[in-house]
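Q: Pasting a structure here, questions to come.
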Amino acid sequence: MNVTTHSFNRYRSVALSLAVALTACADRDARYELSMRTLAPVAAGNALVYVQPALARATVVDLSQATPAVRQVAVGDDPVLVQPRVAHDEALVLSRGQRGSAGVAPAPASLTAVTAAGASRRWTLGSPFNALSQNGDGRYVMAYFNNSASAGRLLFNPNEVAIVDLDRAAATGNPVVRTVRSFGGVPNGVVFSPRMTVAGEPRTLAVVLSDAYVTLLDLNHPERSEITVRLTLPEDARAIAPAQVVFDTDNATMYLRADQSNDLYVLRLVTVTPESATANDFRPALNQLAAGVRPADLALFGEATARKLLVVSPGSRDARVIDTVANTTTVVPLDAVASRVLLFNGPSPRSATSELRALLYSTGGVASAVSFVELADIESRRSQNVETLQLGRVINQALPLPERGVVMFGHPSSATGSLSLLDLGHRTAAPIFSEVALESARFDDDRQALWVAPRTGERLGYIELTNFRPGEIRLDAPITDVIPVSGGTSRRVVALHDAADGWITVVDGTDVTRERSRSLRGFLLTALLDEGEAQ
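Under our numbering, the first residue of the sequence shown is numbered 11, with each subsequent residue one higher.
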């Protein structure tokens with residue numbers, strides 16, 4: 011394993027020497043010919059986790075000390091997905107298991123949680139799921155079949171799901187494996203509600219999204235049956251796909267926006283008396299609200315007793331304010347087409363008072379102007395509460411930073427810069443020159459800096475978000491990706507380089523210099539060494 015520090019002078023470790031010797035042997039074991047391919051690495055606290063499917067191993071690179079520690083963790087057979095656990099210093103590895111063949115015993119599908127210290131926990135799932143969704147605090151995860159990929163089995167049930175409580179060890183009832191009711195479709199995705207009171211009890215709900223219907227599961231009572239709600243009549247053949255869910259936790263209500271529909275779907279969760287031990291104590295009451303032509307985004311605002319929806323519909327070039335209590339709609343025409351809503355608290359050029367306001371904009375190169383909306387008295391003043399700001403260039407991407415009072419926009423490259431900073435309080439835009447698009451930008455753990463790197467370049471760029479001062483550092487190899495890591499007393503970001511044996515550069519986010527950076531190479535070979543020593 012190579013480590014580079016300060017001036018990037020390298021020294022060779024015993025691990026790399028042994029690996030070279032092993033792979034040079036003419037009669038080397040076939041294990042050392044296994045693919046070195048890894049899944050895209052993820053951060054787990056102050057560590058980086060690489061998963062090598064051919065070895066069913068996770069390589070954990072612990073960056074908490076000056077000299078990184080490399081640990082190997084076994085995961086389930088045929089890992090297909092790794093993602094950081096929300097709000098925890100762990101990585102979740104989804105494995106499809108082994109079908110079995112001559113001389114190879116079958117192995118069940120599983121989910122493995124890997125910590126930054128190299129510890130692990132595992133839950134057996136049974137079916138070879140290929141997709142994961144987590145709730146907002148990282149307690150629950152649902153494994154399901156993504157309809158865009160094959161399960162790799164002769165027979166499988168595409169509507170089967172597994173719900174895992176990550177705060178509990180594997181046991182009877184954890185995970186809960188069940189089949190959700192289907193009207194001919196399969197899950198397109200899963201979203202989780204925040205904690206909200208339903209039937210007098212705090213609940214977390216899983217909402218399974220399918221074409222033309224949704225399915226609700228009560229995670230606090232997994233023994234109860236699911237509730238499936240059709241969004242269209244049985245004779246309606248439209249493939250409307252639920253695309254956005256907004257939860258009103260104070261009023262036990264959810265609002266759904268669906269592609270191919272001009273309506274919003276309102277599901278109010280009404281308390282009922284359960285008919286059996288497996289029946290639910292609530293049911294959804296469905297209502298529909300007209301929302302213009304092709305509604306693209308929505309946001310809730312207002313007090314719990316006077317909740318309102320702000321909806322933007324690019325097809326009708328307007329915004330709509332829907333009073334969910336009075337069931338009235340106010341149409342606000344827009345000069346600039348908008349497909350995104352950003353609510354923010356802040357001042358305006360005419361008032362130093364911080365109030366809830368809205369910015370409406372579009373991405374994808376369809377608009378070069380944005381709209382500021384004063385939400386107070388919007389129903390009576392309508393367009394008088396809208397101010398249009400011309401940016402002079404179409405907006406390709408947007409990166410909202412409401413806590414900093416700005417939005418960063420990406421534009422086509424030009425002499426006036428490919429980025430701009432929109433000041434939400436002063437309503438002015440300033441250009442920033444950039445060689446990269448916002449899609450590759452990454453925040454560090456505490457959102458103090460934004461890091462960007464071109465995929466073919468050796469320079470890592472950053473913007474300090476406290477003063478929006480840009481900078482860059484040159485590394486020793488082209489950068490393929492950037493991953494900020496958390497933990498410790500300093501901010502750090504890891505630059506990935508293209509190397510089969512594993513190559514990263516760790517940059518100190520508080521002192522971005524070559525002298526304070528260190529490079530590590532060869533750490534993926536330790537998995538092969540461990541395989542050899544185990545025989």
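Even for Gly, the Cβ is constructed at its ideal location relative to N, Cα and C. Values in this document were obtained by computation on a predicted structure and should not be read as measured data.
1. Helix, strand or coil for A79? Go by DSSP, reduced to three states.
2. Within the same chain, show all residues whose beta-carbon is closer than 6 Å to that of R469, passing over the 5 residues directly before and after it, in chain order.
3. Please state if the CB of V342 and the CB of S323 are separated by a distance shorter than 8 Å.
4. Take every Cβ of the stretch 263-278, pair it with every Cβ of the stretch 295-313, and state whether three or more of those distances are shorter than 8 Å.
5. Which residues in the same chain as S372 place their Cβ atom closer than 7 Å to its Cβ, once the five residues preceding and following it in sequence are excluded?
6. At 4 residues or longer, what runs of the alpha helix (DSSP H) sit wholly inside the stretch 386-461?
7. Near Y472, what residues of its chain come up, given a Cβ to Cβ distance below 6 Å and the 5 sequence neighbours on each side ignored?
8. Under 8 Å by Cβ, that's how I've got P118 and V52 pegged, so tell me the actual separation to the nearest angstrom.
9. Where A306 and D72 are concerned, what is the direct C-alpha to C-alpha distance, given to the nearest angstrom?
10. Return the chain-ordered list of same chain residues with a C-beta closer than 7 Å to the C-beta of V59, the five sequence neighbours on each side being excluded.
11. Got a sec? Which residues, its chain only, sit under 7 Å from P410 by beta carbon, not counting five neighbours each side?
12. Identify which residue in R317, P359, N355 and T263 has its Cα closest to the Cα of T339.
13. Measuring CB to CB, does L369 end up less than 8 Å from L385?
14. From which residue to which residue does the beta strand (DSSP E) around E100 run?
15. Do F139 and A153 come within 8 Å of each other at the CB atom, strictly closer than that value?
16. Taking the CB atoms as reference points, tell me whether L320 and V331 lie closer together than 8 Å.
17. Could you please give the first and the last residue of the uninterrupted beta strand (DSSP E) stretch that includes P494?
18. Would you call S390 buried or exposed, if buried means 16 or more other Cβ atoms sit within 10 Å of its Cβ?
19. So is A216 buried or exposed if we call it buried at 16+ other beta carbons inside 10 Å?
20. Is the beta carbon of R106 less than 8 Å from the beta carbon of V90?
21. Taking the alpha carbon of S527 as the reference point, which residue from V516, T520, S381 and P359 has its own alpha carbon closest?
22. For A509, collect the residues of the same chain with a Cβ closer than 7 Å to its Cβ; drop the 5 residues on either side in sequence, then sort them by chain order.
23. Ignoring anything shorter than 3 residues, give me the beta strand (DSSP E) runs that lie fully in the stretch 308-350, in order along the chain.
24. Closest to R360 by CA distance: which of L344, T315, L219 and V383 is it?
25. In whole angstroms, what separates the C-alpha of S111 from that of S130?
26. Among T363, A329, G402 and N337, which one has its Cα closest to the Cα of V376?
27. Quick check: what's the CA-CA separation for S235 versus M264?
28. Is the Cβ-Cβ distance between P197 and L219 less than 8 Å?
29. Using 8 Å as the threshold, is the C-beta distance between D269 and A247 below it?
30. For P232, which of D291, L266 and V255 has the nearest alpha-carbon?
31. For the stretch 141-226, list the beta strand (DSSP E) runs that are entirely contained and at least 3 residues long, ordered along the chain.
32. Looking at the strands, I want to know which residues DSSP matches up with A505.
33. Report yes if the C-beta of S496 is less than 7 Å from at least one heavy atom of the ligand ADP; otherwise report no.
34. Please report the Cβ distance between L431 and G415, rounded to the nearest whole angstrom; I am assuming they are in contact, meaning their Cβ atoms lie under 8 Å.
35. Mind checking G519: buried by the 16 CB within 10 Å criterion, or exposed?
36. Alpha carbon to alpha carbon, what distance is there between T536 and N157?
A: Working from what's here:
1. Here the question's residue 79 lines up with position 69 in the sequence shown. It is a strand residue.
2. The residue labelled residue 469 in the question sits at position 459 within the sequence shown. Around R469: E482 and R484.
3. One-based indexing of the sequence shown puts residue 323 at position 313. One-based indexing of the sequence shown puts residue 342 at position 332. Not a contact, by the Cβ cut-off of 8 Å.
4. yes
5. Position 362 of the sequence shown, counted from the start, is the residue given in the question as residue 372. Contacts found: P324, V347, A348, S349, R350 and I405.
6. 388-391
7. The sequence position of residue 472 within the sequence shown is 462, counting from 1. Excluding sequence neighbours, Y472 sits near A459, W461 and G481.
8. The sequence position of residue 118 within the sequence shown is 108, counting from 1. The sequence position of residue 52 within the sequence shown is 42, counting from 1. In fact, because the Cβ distance is near 23 Å, the residues do not count as touching under 8 Å.
9. Here residue 306 is taken as the residue at index 296 of the sequence shown, counted from 1. Here residue 72 is taken as the residue at index 62 of the sequence shown, counted from 1. Each residue's Cα considered, the two are about 42 Å apart.
10. In the sequence shown, counting from the first residue as 1, residue 59 sits at position 49. Only P51, V52, A68, V70, V92, A101 and V124 meet the Cβ criterion.
11. By one-based count along the sequence shown, residue 410 stands at place 400. For P410, where only same-chain residues beyond five positions count, the Cβ hits under 7 Å are L352 and V417.
12. In the sequence shown, residue 339 corresponds to position 329, counting from 1. Looking at the Cα atoms, R317 is the closest of the given residues.
13. Sequence index remark: in the sequence shown, residue 369 carries index 359 (1-based). Sequence index remark: in the sequence shown, residue 385 carries index 375 (1-based). Cβ atoms of L369 and L385: not closer than 8 Å.
14. Locating residue 100 in the sequence shown gives position 90, counting from the first residue. E100 -> beta strand (DSSP E) spans E100 to S105.
15. Here residue 153 refers to the residue found at position 143 of the sequence shown. Here residue 139 refers to the residue found at position 129 of the sequence shown. In contact: A153 and F139 (Cβ atoms closer than 8 Å).
16. Taking the sequence shown and counting its residues from 1, the one referred to as residue 320 is at position 310. Taking the sequence shown and counting its residues from 1, the one referred to as residue 331 is at position 321. Contact flag set, yes.
17. Within the sequence shown, numbered from 1, the residue matching residue 494 stands at position 484. Here the beta strand (DSSP E) through P494 covers D491 to V495.
18. As a first step, residue 390 is located in the sequence shown; it is residue number 380 there, counting from the start. Its Cβ having fewer than 16 others within 10 Å, S390 is exposed.
19. Looking up residue 216 in the sequence shown gives position 206. Classification for A216: buried.
20. Taking the first residue of the sequence shown as position 1, residue 106 is located at position 96. Taking the first residue of the sequence shown as position 1, residue 90 is located at position 80. For R106 and V90, yes; Cβs fall inside 8 Å.
21. Locating residue 527 in the sequence shown gives position 517, counting from the first residue. Among V516, T520, S381 and P359, the Cα nearest to that of S527 is on V516.
22. Mapped onto the sequence shown, residue 509 falls at position 499. Within the same chain, A509 has close Cβ partners R531.
23. 318-323, 328-333 and 338-343
24. Residue numbering aside, residue 360 sits at position 350 when the sequence shown is read from its first letter. For the residues L344, T315, L219 and V383, the minimum Cα distance to R360 belongs to V383.
25. Walking along the sequence shown from the start, residue 111 turns up at place 101. Walking along the sequence shown from the start, residue 130 turns up at place 120. Using only the alpha carbons, I get a separation of about 28 Å.
26. In the sequence shown, the residue the question calls residue 376 occupies position 366. Of T363, A329, G402 and N337, the residue nearest in Cα terms is G402.
27. The residue labelled residue 235 in the question sits at position 225 within the sequence shown. The residue labelled residue 264 in the question sits at position 254 within the sequence shown. Between S235 and M264, the C-alpha separation is close to 19 Å.
28. In the sequence shown, the residue the question calls residue 197 occupies position 187. In the sequence shown, the residue the question calls residue 219 occupies position 209. In contact: P197 and L219 (Cβ atoms closer than 8 Å).
29. Locating residue 269 in the sequence shown gives position 259, where the first residue counts as 1. Locating residue 247 in the sequence shown gives position 237, where the first residue counts as 1. For D269 and A247, no; Cβs fall outside 8 Å.
30. Your numbering for residue 232 matches position 222 in the sequence shown. P232 has its Cα closest to that of D291, out of D291, L266 and V255.
31. 141-144, 150-154, 170-175, 186-189, 199-202, 206-208, 211-213 and 215-220
32. Taking the sequence shown and counting its residues from 1, the one referred to as residue 505 is at position 495. V492 and T515, per the DSSP bridge assignment.
33. Only the bare structure without any ligand can be found here, which leaves the ligand ADP out of the picture.
34. Taking the first residue of the sequence shown as position 1, residue 431 is located at position 421. Taking the first residue of the sequence shown as position 1, residue 415 is located at position 405. 10 Å between Cβ atoms; not a contact.
35. Reading the sequence shown from its first residue, position 509 is the one you call residue 519. Per the 10 Å Cβ criterion, buried.
36. As a first step, residue 157 is located in the sequence shown; it is residue number 147 there, counting from the start. As a first step, residue 536 is located in the sequence shown; it is residue number 526 there, counting from the start. One C-alpha to the other measures close to 36 Å.
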